[in-house]
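Here is the structure we will look at, set down as structure tokens.
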Amino acid sequence: MDDSRVLYKTWSICPVCMKRISAERVQKDNKVFLQKTCKDHGAFESIIWRGFSDINEWVNGADKLAADDTKCPDGCGLCADHLQKTCCTLLNITSRCNLDCRFCFADQGCNTDEPTLDEIKKSIFKLIEKDKTLLQLSGGEPTLREDLPEIIKTAKDAGAKYVQLNTNGIRLSEDMQYVKKLADAGLSFVFMQFDGTDDSIYESLRGKPLLKIKQKAIDNCGENNIGVTLAPTLVRDVNIHNIGKILHFAIDQAPKVRGVHFQPVTFIGRAPEIPNDRDRITLDELVFEICRQTNGIIKAEDLLPSACDHPLCGFHGDFIVDQNKLIPLLKRGETEKKCCCDSSAAEKNREFVAKRWLRPTTNEASKDSCCGDIHDMDFFLKKVKTHGFTITAMAFQDAGNIDFSRLRNCSFHVYDKEKFIPFCSYYLSGWKQ
Amino acid sequence: MPENKKLICYKCQKELELIKTDFTYLGHSFYTEVPKCPECGLVFISEELVKGRISDVEMQLEDK
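Sequence lines, in order, name chains A and B. For the first sequence, our numbering assigns the number 12 to the initial residue and increments by one for each residue that follows. For the second sequence, our numbering assigns the number 69 to the initial residue and increments by one for each residue that follows.
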């Protein structure tokens with residue numbers, strides 16, 4: 012007897028012909044799958060929840076998509092039906108890269124195309140909303156550009172509130188003068204690819220040992236008061252077992268390191284093969300592994316479903332690192348907002364992450380926050396600014412599991428050809444059968 | 069408390085003293101010194117404290 016049950020009717024695409032088709036989130040035992048059928052290419056199913064916790068409690072009624080009401084993804088750019096404003100804007104400034112990774116959402120590295128400095132400046136002037144924009148400079152590997160400091164300065168002068176650099180850290184480890192120039196230009200913080208604490212992980216994912224390079228890049232950013240958030244791409248049989256060690260490493264490196272942003276592997280761009288369900292790492296599995304591998308130091312209740320984007324797109328936890336220990340500031344069910352759907356949601360999300368990822372100026376930080384009682388209001392206020400720490404995750408979507416109810420709620424947008432395009436729509440690519 | 073100004077408890081007519089006092093918000097507890105009546109325990113929370121440090125603590129603890 013089939014004991015499956017439909018939890019939600021949504022829309023997706025056929026991963027082969029990319030045509031829009033209806034889809035359903037279907038629960039079978041404790042697991043939940045996105046199921047869809049293309050009349051030309053057959054039925055497809057992708058696991059989206061493994062049953063480590065209750066998906067309905069996690070989603071908490073956040074879906075707002077009417078069953079027959081979507082232009083996604085053809086209308087992306089954004090259309091009037093999009094439900095979320097821009098929290099972070101990603102701008103690709105080069106296609107060049109100095110690594111050749113097994114997985115790369117941008118599928119770049121061989122490509123030498125890149126916009127001119129003037130073209131980038133024009134984009135910056137058009138995309139920036141004064142004193143609001145969080146601009147992520149990405150690629151390719153942005154640090155291959157010698158004019159990156161000028162790009163950062165242009166963005167800051169144009170009114171960008173925060174400028175983030177997405178990087179593999181290689182150049183930052185080798186060239187302290189370059190790091191200083193980035194800091195002087197106004198770089199706010201760095202997102203650094205950091206897949207684990209063992210070189211075998213880098214050899215598997217990135218083709219070479221990189222751990223010492225990562226450490227040096229963190230130190231160089233630390234010297235220049237640039238906060239670093241570590242961004243591991245999680246791949247089955249490669250680094251799932253290393254989640255706890257990544258977190259311990261990051262906590263030990265605070266306040267230079269401001270947090271860890273986990274990204275379960277997504278099968279877009281350059282990915283070795285069409286995934287099966289075992290390859291996928293679901294958010295509930297990630298929460299379970301974080302708790303298990305930190306021996307309960309981090310609890311499931313410390314990590315809250317995304318309220319700005321769709322809950323199935325990520326989670327966030329907010330902490331203080333005090334004497335190498337984590338003190339959680341949020342608690343699921345008590346401090347979380349039930350709805351983040353008002354017009355300021357993206358702005359609140361932006362300030363939430365930025366206040367932790369940005370290091371205070373050296374003058375502010377010089378006020379002693381080393382030793383004290385965390386319950387002392389004055390000490391807490393110093394400590395939360397110098398030693399704030401986030402654990403966040405973002406589950407990007409691919410042709411197999413893309414769900415337009417999630418897509419319509421996306422606040423992370425790529426800027427290209429004068430349009431803001433949801434990240435998962437921008438990089439969506441079909442599968443070859 | 070403004071310097072050189074005494075605060076007197078209206079009920080007890082006692083001078084308020086700076087005493088460590090606990091505050092609780094969203095499951096977290098903090099203490100700081102505020103003027104308090106040594107007899108009845110009434111505390112005076114200044115506008116400066118409310119708009120300054122207390123507001124800052126609230127913002128740090130609230131979810132986005």
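The beta carbon of each residue, even a glycine, is placed where N, CA and C say it ideally should be.
Residue i vs residue j beta-carbon contact at 9 Å
i, j, result
"V364/A", "T401/A", "yes"
"N360/A", "C319/A", "yes"
"R343/A", "D313/A", "yes"
"H272/A", "F200/A", "no"
"T240/A", "W368/A", "yes"
"F434/A", "F407/A", "yes"
Euclidean distance between Cα positions of residue i and residue j
i, j, result
"I182/B", "E85/B", "Here chain B covers residues 69 to 132 and nothing more, so residue 182/B does not appear."
"E83/B", "E130/B", "35 Å"
"Q264/A", "A242/A", "14 Å"
"K164/A", "P275/A", "32 Å"
"S440/A", "L418/A", "15 Å"
"L193/A", "L159/A", "7 Å"
"G280/A", "G270/A", "26 Å"
"A169/A", "Q46/A", "45 Å"
"K104/B", "K366/A", "34 Å"
"Y99/B", "I76/B", "22 Å"
"R113/A", "R107/A", "16 Å"
Residue-level contact to chain B via CB, residue i, 9 Å cutoff
i, result
"D329/A", "yes"
"F363/A", "yes"
"N109/A", "no"
"E345/A", "yes"
"M388/A", "yes"
"V395/A", "yes"
"K167/A", "no"
"K200/A", "The displayed chain sequence assigns Phe, not Lys, to residue 200/A. So no, F200/A is outside the interface."
Three-state secondary structure (DSSP) of residue i
i, result
"N360/A", "helix"
"A311/A", "helix"
"D142/A", "coil"
"R107/A", "strand"
"N420/A", "coil"
"V102/B", "strand"
"K4/A", "What the structure shows of chain A is the stretch from 12 to 444, and residue 4/A is not part of that stretch, so it cannot be assessed."
"K430/A", "strand"
"D131/B", "coil"
"A410/A", "coil"
"L294/A", "helix"
"T21/A", "strand"
Contact with chain A by residue i, beta-carbon distance below 9 Å
i, result
"S97/B", "yes"
"L75/B", "no"
"V125/B", "yes"
"F112/B", "no"
"L86/B", "no"
"Q81/B", "no"
Burial state of residue i, where buried means 16 or more other Cβ atoms lie within 10 Å
i, result
"R217/A", "buried"
"C351/A", "Caution applies to C351/A, whose pLDDT of 49 falls short of 50 and renders its modelled position unreliable; the value that the coordinates give is listed next. Result: buried."
"E152/A", "buried"
"F112/B", "exposed"
"N412/A", "buried"
"Y78/B", "exposed"
"N179/A", "buried"
"R182/A", "buried"
Where residue i meets chain D, residues with beta-carbon distance less than 9 Å
i, result
"F423/A", "Although the question refers to chain D, the structure presented lacks it and instead comprises the protein chains A and B."
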